[in-house]
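Mapping to numbering that gives the first Met the number 0: the sequence shown position 288 is 287, numbers consecutive. Note that the Cβ used here is the ideal one computed from N, Cα and C, for glycine as well. Note that the structure is a prediction, hence the values are computed from the model and not measured. Scroll down for the structure; my scribbles are underneath it.
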Amino acid sequence: MRVRTGRVGALVLAGFLLAGGAVGCAGKGERPQDQAAPVSVAETPVEDAAADEPTDEPSPSASAVAALGTAPSRKPSASPSKKPTRSTGAAPKPRAVAKPPTETKVPPPPPKPAPSSCKPSYKGPQASRADVKAALSAAAGRTYWPSSAPELKIPLNLVKATAWQESGWQSNIYACDGGVGLMQVMPATATWMNQRFEQSYDIADYQDNAYLGANYLAWLTKYIGDMYFEADYRLDADLCTAELDSCLLNAVISAYNYGHGAVAREGKPLAIPNPSYVRNVRALMTECVCLGY
């Protein structure tokens with residue numbers, strides 16, 4: 000889970016897996032849209048909420064990068080344009096000014112960026128694609144807020160796409176900035192989540208790593224949904240318009256990459272500081288080669 004200063008991550012290049020290559024860490028000074036998507040997510044602390052909103056995505060620091068699969072079959076559109084069709088009605092537009100957060104205990108501050116010369120490492124055996132698919136499916140199938148928000152669900156294609164964007168479904172990859180495994184969870188974030196939800200997830204176990212990532216997506220959904228969307232927790236792509244800040248789905252994806260504090264700020268409008276990452280994950284949700292595994 001990730002820092003505002005950026006990380007290099009799962010670069011989805013056409014034909015890359017077929018070529019059997021591996022990608023090195025990105026160089027300094029490159030534009031974010033020209034680089035790999037970040038590999039892990041570390042939250043921005045709420046104390047940073049008073050900082051000015053970033054106008055551009057920062058140049059990613061070095062982090063875990065590895066050979067992945069083919070790119071989406073077509074270039075992602077600038078943003079989704081479908082209109083709401085669910086019988087339950089359209090989701091409310093995001094509030095112009097956020098409500099106070101319902102969660103007062105938030106994730107820890109992000110780590111420092113990794114040095115540009117750093118390369119990812121691998122520990123232990125890598126889980127098979129079949130095992131990873133089963134783990135991600137089980138994680139998406141859980142109800143993470145059974146009492147206060149039992150209707151809150153994390154779409155399976157969102158979990159799969161996030162894991163692909165973050166690690167290329169590599170269960171044993173360790174990023175230079177500390178991100179671990181499939182969902183590139185930070186150790187400090189895992190500790191916080193285990194304490195917050197009274198669990199004992201093992202960040203190094205690929206199944207628990209999938210639960211941690213999906214649980215964090217659920218936490219972001221609840222956190223941002225309460226602040227901006229009147230507790231409407233639907234993560235349907237059909238509820239998004241041409242504006243990236245129009246729907247909860249885009250906000251949750253953005254916050255997984257940039258941290259909750261960069262997206263949701265009390266008394267401030269909803270922010271999407273990393274449009275490239277959001278568009279990548281949105282495209283992967285429908286076009287990722289991983290969906291066929």
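For Phe-228, there is no enclosing alpha helix (DSSP H), as DSSP gives it neither H nor E.
Under DSSP, Tyr-121 forms a beta bridge with Ile-172.
A direct Cα-Cα distance of roughly 22 Å separates Leu-216 from Ala-129. Residue environment analysis places Ala-95 among the exposed positions, since fewer than 16 neighbouring C-beta atoms fall within 10 angstroms of its C-beta. Assignment of Val-105 by DSSP, reduced to helix, strand and coil, places it in the coil class.
When the beta-carbon positions are compared, Pro-91 and Phe-228 come within less than 9 Å of each other. Under DSSP, Glu-265 takes part in a beta bridge, and its partners are Ala-97. Secondary structure note for Gln-194: its alpha helix (DSSP H) is the uninterrupted segment 186-196. With a contact defined as Cβ atoms closer than 8 Å, Lys-122 and Asn-171 qualify at about 6 Å. Here Val-179 is bridged, per DSSP, to Tyr-173 and Val-184. Counting the other CB atoms within 10 Å of its CB gives Gln-198 a total below 16, which places it among the exposed residues. Contact between Ala-97 and Ala-250 does not hold, since their C-beta atoms are separated by about 11 Å, which reaches or exceeds 8 Å.
Distances from the alpha-carbon of Ala-282 to those of Gly-212, Gln-164, Leu-269 and Gly-291 put Gln-164 closest. The criterion of a C-beta distance shorter than 9 Å is not satisfied by Ile-202 and His-259.
Residue environment for Thr-161: buried (at least 16 other C-beta atoms within 10 angstroms of its C-beta).
Taking the Cα positions, Ala-236 is about 15 Å away from Pro-93. Leaving aside the five residues that flank Ser-253 on each side, the residues in its chain whose CB is nearer than 6 Å to its CB run, in chain order, Val-262, Ile-271, Asn-273 and Val-277. When secondary structure is reduced to three states using DSSP, Thr-285 falls in the helix class.
Excluding its 5 nearest sequence neighbours in each direction, Leu-219 has C-beta neighbours in its own chain below 7 Å: Val-251, Ala-254, Tyr-255 and His-259, listed in chain order. Counting the other Cβ atoms within 10 Å of the Cβ of Thr-188 gives 16 or more, which makes it buried. Counting other Cβ atoms within 10 Å of its Cβ, Lys-104 stays below 16 and is therefore classed as exposed.
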